[in-house]
Amino acid sequence: EPEVTQTPSHQVTQMGQEVILRCVPISNHLYFYWYRQILGQKVEFLVSFYNNEISEKSEIFDDQFSVERPDGSNFTLKIRSTKLEDSAMYFCAAGTPGGNHGELFFGEGSRLTVL
Amino acid sequence: AQKITQTQPGMFVQEKEAVTLDCTYDTSDPSYGLFWYKQPSSGEMIFLIYQGSYDQQNATEGRYSLNFQKARKSANLVISASQLGDSAMYFCAMREPNEGVRFGAGTRLTVKP
Chain A
133 EPEVTQTPSH QVTQMGQEVI LRCVPISNHL YFYWYRQILG QKVEFLVSFY
183 NNEISEKSEI FDDQFSVERP DGSNFTLKIR STKLEDSAMY FCAAGTPGGN
233 HGELFFGEGS RLTVL
Chain B
100 AQKITQTQPG MFVQEKEAVT LDCTYDTSDP SYGLFWYKQP SSGEMIFLIY
150 QGSYDQQNAT EGRYSLNFQK ARKSANLVIS ASQLGDSAMY FCAMREPNEG
200 VRFGAGTRLT VKP
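Pasting the structure below:
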């Protein structure tokens, strides 16, 4: 069973619609991350989440984006008013605390296609 | 400024030979972690190896080893005895305390039979 499960695996949406991507880590990870990878390009950091709040966000993570962990298990990324350029693979990752420990577990990704 | 630099957009290696994928990083924090991930054409991110900044020895995981040169701020990945299944994108990444993990631009490795 994977450490991190993401749903949906693929979502197609119309421009201007809102999408919610979900992530469920199975172990007691304390740090959670969202990354974006536009096809064929680098993996871009969006946001990190610790202790039920955002610990860091990149310049990509503007007001269009939000994250929450409402029930202590699901970690969601909401993208409001999607744009064509939001089409990408979105990866959730979870890890152990601290800056000098262990691996970051990635989900299999959610592919978002905005038409 | 780039925190993680991978200068090789593409690399070729003959099957069964060893290959080194370069990675340099930039940080002023003494505590950090370095990672290598493999991304095959199927798209998933597969963890390969981790090196902590205080680790005295180079990390090894099977055919993967990390050539950690702290003074030069480099963390090259060495893959020994390359296999056709090693063909993929390889990403170097760094985690600093209280910051997200940042990735390099990646190196596409092609193993030739």
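These protein sequence lines map, in sequence, to chains A and B. Here the first sequence is numbered in our numbering, starting from 133 and rising by one per residue. Here the second sequence is numbered in our numbering, starting from 100 and rising by one per residue. Ideal placement from N, C-alpha and C gives every residue a C-beta, glycine not left out. The model shown is predicted, which means the values in this text are computed figures rather than measured ones.
G148/A carries a coil assignment under DSSP once its states are collapsed to helix, strand and coil. Beta bridge pairing from DSSP links R212/A with no other residue. For the segment 195 to 207 of chain B, the set of residues with a beta-carbon nearer than 9 Å to any beta-carbon of chain A comprises E195, P196, N197, E198, G199, V200, R201, F202, G203, A204, G205, in chain order. Scanning chain A for C-beta atoms nearer than 9 Å to the C-beta of G184/B yields nothing, as the closest lies near 18 Å away. For T139/A, same chain residues with a beta-carbon under 6 Å away, outside a window of 5 residues either side, are R154 in chain order. Residues of chain B with a Cβ closer than 7 Å to the Cβ of V175/A are, in chain order, F190, F202. Taking a Cβ-Cβ threshold of 7 Å, none of the residues of chain B is close to S242/A; the smallest such distance is about 11 Å.
When the alpha-carbon of G142/B is set against those of V246/A, E240/A, R168/A, the nearest one is in E240/A. Approximately 15 Å separates the beta-carbon atoms of L133/B and T206/B; this is outside 8 Å, ruling out the contact. Looking at the DSSP output, M110/B sits in a beta bridge with L208/B. The beta carbon of E200/A does not come within 8 Å of any beta carbon belonging to chain B, so the residue lies off that interface. Within the segment 160 to 172 of chain B, not one residue has a Cβ closer than 7 Å to any Cβ of chain A. DSSP lists F164/A, I186/A as the bridge partner or partners of F181/A. Taking 8 Å as the CB threshold, F223/A lines the interface with chain B. In the three-state reduction of the DSSP assignment, E240/A falls in the coil class. Burial check for G227/A: the Cβ neighbour count within 10 Å reaches 16 or more, so the residue is buried. Inclusion of L247/A and D218/A in the CB contact set at 8 Å is not warranted, their separation being larger than that value. Chain-ordered, the chain B residues with CB closer than 9 Å to the CB of S180/A read N197, E198, G199, V200. Around the CB of A187/B, 16 or more other CB atoms lie within 10 Å, so the residue is classed as buried. In chain order, F223, F238 make up the part of chain A whose C-beta sits under 7 Å from the C-beta of M144/B.
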